[in-house]
Amino acid sequence: MRPRQRTLLLSMGSLMALAFSSAYAKQADYSQPVTIDADRQLVELAENKVTFSDRVVVKQGTMDLRANKLVVTRDDKGLQSMTAYGSPATYYQILDSGQPINARAQQINYDIKNRTITLLNNAEVKQNDNVVTGYRIRYFVDKEQMEAQSQGGKDRVTTTFLPEQLQNMNNDKANN
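Using this note's numbering, the letters of the sequence shown correspond one by one to residues 774 to 949.
What follows is the structure in structure tokens.
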């Protein structure tokens, strides 16, 4: 592998893992090494794109992303987007609070410029027994806001939460 290919691959892979984990990050995870395993990898230098395919696993600290395919693109200014495809693609991480968060969808997209993570098609975010499902779930990283949408009348957004767990989470925030 040529030095330019290696540099492109390493920088894109590292930034990709950091970007996905930044949404729910456990701060100690940022200092951990990033590992990307896949059965196949294709580096397209002319298009500034790396595609990992077949049994893709990305790990960094407690963050674990699994997909059938992962496409990472960049421009001269750096990373632009990362899209994981799966049946479903899954995301797992333990938050600083010690609570695990799970997300899944047929497609998980991270838009670097707008700092949004979008779960698309059968999207689900779960923390303990609290669950949000919908066609699309978008997380705005900088605002720490989540928006769930249905698919034009075909389905509805559903949120299920246990009041006791919600109260415990609020108490934990107040004590920190």
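Ideal placement from N, C-alpha and C gives every residue a C-beta, glycine not left out. Keep in mind it's a predicted model, so treat the numbers as computed, not measured.
DSSP three-state assignment for residue i, whether helix, strand or coil
i	result
residue 820	helix
residue 923	coil
residue 811	coil
Same chain, Cβ closer than 6 angstroms to residue i, neighbours up to 5 away in sequence not counted
i	result
residue 856	844, 882
residue 888	914, 915
residue 832	808
residue 976	Because the chain here runs from 774 to 949, residue 976 falls outside it and cannot be looked at.
residue 721	This structure gives no information on residue 721, because the portion of the chain shown stretches from 774 to 949.
residue 813	826, 827
In DSSP terms, what residue i is bridged to
i	result
residue 918	913
residue 903	900
residue 842	826, 858
residue 833	836
residue 935	Answer by DSSP bridge pairing: none, since residue 935 is not bridged.
residue 848	851
Close beta carbons around residue i, own chain, < 7 angstroms, minus the five adjacent residues each side
i	result
residue 797	Confidence in residue 797 is poor, its pLDDT being 49 and thus under 50, which makes the residue's placement too unreliable to answer from.
residue 820	none
Contact set for residue i: own chain, Cβ-Cβ below 8 angstroms, skip 5 residues either direction
i	result
residue 935	901, 902, 903
residue 927	908
residue 841	826, 827, 828, 829, 858, 859, 860, 862
Which runs of the alpha helix (DSSP H) spanning at least 4 residues fall entirely within the segment 857-886, listed in chain order? For the segment 857-886, not a single whole alpha helix (DSSP H) run of length 4 or above is found.
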